[in-house]
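Trainee: Dumping the structure here so I can ask a few things about it.
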Amino acid sequence: AECISGCVCPAGLYDDGRGGCVEQKDCPCSHNNQWYSSGQKINVGCNTCTCQKGAWSCSEQTCYGTCMIYGSGHYITFDGKFYDFDGSCEYVATQDFCGDNNSSGSFSIITENVPCGTTGVTCSKAIKIFLGVKLKLENKDYREIQRDIGDDVRYWNRTVGLYLVIEASNGVMLIWDKKTTVFIKLTPDFK
-5 AECISGCVCP
5 AGLYDDGRGG
15 CVEQKDCPCS
25 HNNQWYSSGQ
35 KINVGCNTCT
45 CQKGAWSCSE
55 QTCYGTCMIY
65 GSGHYITFDG
75 KFYDFDGSCE
85 YVATQDFCGD
95 NNSSGSFSII
105 TENVPCGTTG
115 VTCSKAIKIF
125 LGVKLKLENK
135 DYREIQRDIG
145 DDVRYWNRTV
155 GLYLVIEASN
165 GVMLIWDKKT
175 TVFIKLTPDF
185 K
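So that you can map any letter, position 91 of the sequence shown is 85 in this note's numbering, and since no number is skipped, the others follow by simple counting.
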């Protein structure tokens, strides 16, 4: 075997990636080509990771994907892109129905956009949520307007500050300011 010259740490110590030697309890961690000392914390998605003995230990929260509709036709998609759209009609914001009418989905969220103001922009007047039961959010309130035959997705609603939150058992959450802003959150199951 051929020998290659280099630096090594004494027995019981480990290379810290910065030219020094440390005990195992002080080993750093690497993330995105950056070194972090033992005990340092970083956020990865919605989880917190702590460097411990050279390895990351992370919380295991379910990270929701989020899209947002707000103001006069502004949209932020699940992948973080910004769009302005001034169509005056009903539009699918998100759904898990794909392809033909026979596909089995568990939800659909529709935004009803109407002209607001005098410049031709549109605002979201109402939000419709289909979970087997049809909910309509408008005029600062929500109501069930139709119940289909078959399986409904269970849902809960609560008020948090100024917001109405509707959370469904299938991993869909909607947060509405009772005006023109709505956040739609989906669990990673919908990726």
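Using N, Cα and C, we set each Cβ at its ideal position, and we do this for glycine too.
Quick one: what does DSSP say D146 is sitting in, helix, strand or coil?
Mentor: The answer is coil: DSSP assigns D146 none of H, G, I, E or B.
Trainee: According to the neighbour-count rule (16 or more other Cβ atoms, all chains shown, within 10 Å of its Cβ), is N37 buried or exposed?
Mentor: Its Cβ having fewer than 16 others within 10 Å, N37 is exposed.
Trainee: What separation, rounded to the nearest whole angstrom, lies between the Cα atoms of C21 and E54?
Mentor: Distance between the alpha carbons of C21 and E54: 23 Å.
Trainee: Exposed or buried, which one is G14 when buried takes at least 16 other CB atoms within 10 Å?
Mentor: Label assigned to G14: exposed.
Trainee: Where does F177 sit, in a helix, a strand or coil, going by DSSP?
Mentor: Three-state result, F177: strand.
Trainee: Is D80 helix, strand or coil by DSSP?
Mentor: DSSP places D80 in coil when its eight states are reduced to three.
Trainee: Under the rule that 16 or more other beta-carbon atoms within 10 Å means buried, what is L156, buried or exposed?
Mentor: Under this definition L156 is an exposed residue.
Trainee: Is V166 buried or exposed, if buried means 16 or more other CB atoms sit within 10 Å of its CB?
Mentor: Buried is the call here.
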